[in-house]
Amino acid sequence: MWGGGYPENTVIAGNPAKVIMSLQTYYEKRKKSSIEEAREYIKLFYQNYGKVPTIKEMGAFFPLYLERTEEALKNNQIRTALSGDDEKDVISCFLHSKSKYASYKEFIKECKLEL
Numbered sequence: 277m278w279g280g281g282y283p284e285n286t287v288i289a290g291n292p293a294k295v296i297m298s299l300q301t302y303y304e305k306r307k308k309s310s311i312e313e314a315r316e317y318i319k320l321f322y323q324n325y326g327k328v329p330t331i332k333e334m335g336a337f338f339p340l341y342l343e344r345t346e347e348a349l350k351n352n353q354i355r356t357a358l359s360g361d362d363e364k365d366v367i368s369c370f371l372h373s374k375s376k377y378a379s380y381k382e383f384i385k386e387c388k389l390e391l
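Add 276 to a position in the sequence shown, counting from 1, and you land on the number used in my numbering.
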């Protein structure tokens, strides 16, 4: 318990503060939402610009499909210096994670059904 008796590894919000959900539940919820948000982003980008966005233009969605190498991060000009986060930690976590899709091309192919 911390901060006046709240359990660790939980999402707390409100005034007065209350426990909303576990961090694991929040993580799973965000993981699912990020895919839906990326699909919506591609759809809107395509509607506005008439083209599929590049990996760089997709911004923070890169963990869904980008190859797990530092070279891929550099070649696609991915911003890893996020505000408040240790850049080395961000890169390390990315390199040790698994992508949902084998490639950006695979992700785009799935999204084209919705364009």
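Think of the CB as a built atom: it goes at the ideal place given N, C-alpha and C, for glycine as much as any other residue.
Open item on the list: In whole angstroms, give me the CA-to-CA distance for N291 and Y303.
Closed with: 23 Å
Task: Among Q323, N351, E313 and K319, nearest to I331 - alpha-carbon criterion - done: N351
Open item on the list: Along the chain, where does the beta strand (DSSP E) containing S298 start, and where does it finish?
Closed with: K294 to S298
Task: Segment contact, 8 Å Cβ cut-off, at least three pairs: the stretch 318 to 335 with the stretch 379 to 388 - done: yes
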